[in-house]
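Structure record follows, encoded as structure tokens.
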Amino acid sequence: SRSVVSLLVPPPVRVSSPSKSGQHSRQPELPPIEASRAERLKAHLRLLKAEQNVQKERVKKLEVSLSDSKLVEKKARQRTAKHHEMHRHHRHRCLEVQKEIERLSGELGYIEQGLPPPPAAGPSAPPPP
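Numbers in my numbering are just positions in the sequence shown, counted from 1, shifted up by 192.
Spelled out as structure tokens, the structure:
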């Protein structure tokens with residue numbers, strides 16, 4: 193595993209030169225301009241590969257983060273649905289209690305005036321004493 197710096201710094205250019213025996217090394221000899229261009233391209237490729245690795249790592253991290261966010265979002269939707277249902281239930285119960293208060297207040301008014309209570313108007317009325 194090479195460091196990013198070693199990927200960005202081009203290795204020294206190897207130009208074939210005759211050895212003491214008068215023979216050339218195995219690498220073909222390139223004109224200086226082509227060797228320079230080739231080294232620039234190699235350096236650019238190393239830079240792009242290093243950037244690609246960085247981008248791949250970022251994508252992996254974002255995929256994990258996205259999965260986590262989707263789970264949080266799902267839980268938030270479930271919590272919202274539960275809160276809506278609780279709101280509907282309590283609103284309905286509040287209306288029922290209000291109706292019962294009104295009914296009992298009316299019945300109490302009759303009793304306090306010494307009048308007989310009105311006839312029961314529903315299944316929620318208590319049985320007569």
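Don't be surprised by glycine CBs; every beta carbon is placed ideally from N, CA and C.
Heavy atom of the ligand HEM within 7 Å of Leu239 beta-carbon: The ligand HEM is not part of the structure shown, which contains no ligands of any sort.
Does DSSP put Gln305 in a helix, a strand or coil? Assignment of Gln305 by DSSP, reduced to helix, strand and coil, places it in the coil class.
Euclidean distance between Cα positions of Ser297 and Arg285: About 18 Å.
Which residues in the same chain as Leu307 place their Cβ atom closer than 8 Å to its Cβ, once the five residues preceding and following it in sequence are excluded? Its chain contains no residue whose beta carbon lies nearer than 8 Å to that of Leu307 once the 5 sequence neighbours on both sides are disregarded.
Excluding five sequence neighbours on each side, which residues of the same chain lie with their C-beta closer than 8 Å to the C-beta of Val256? Excluding sequence neighbours, Val256 sits near nothing in its chain.
Would you say Glu294 and Pro309 are within 8 Å of each other, going by their C-beta atoms? When the beta-carbon positions are compared, Glu294 and Pro309 stay at least 8 Å from each other.
For Val264, which residues of its own chain have a beta-carbon under 7 Å away from its beta-carbon, when the five flanking residues on both sides are left out? Taken in chain order, the list of residues that qualify is empty.
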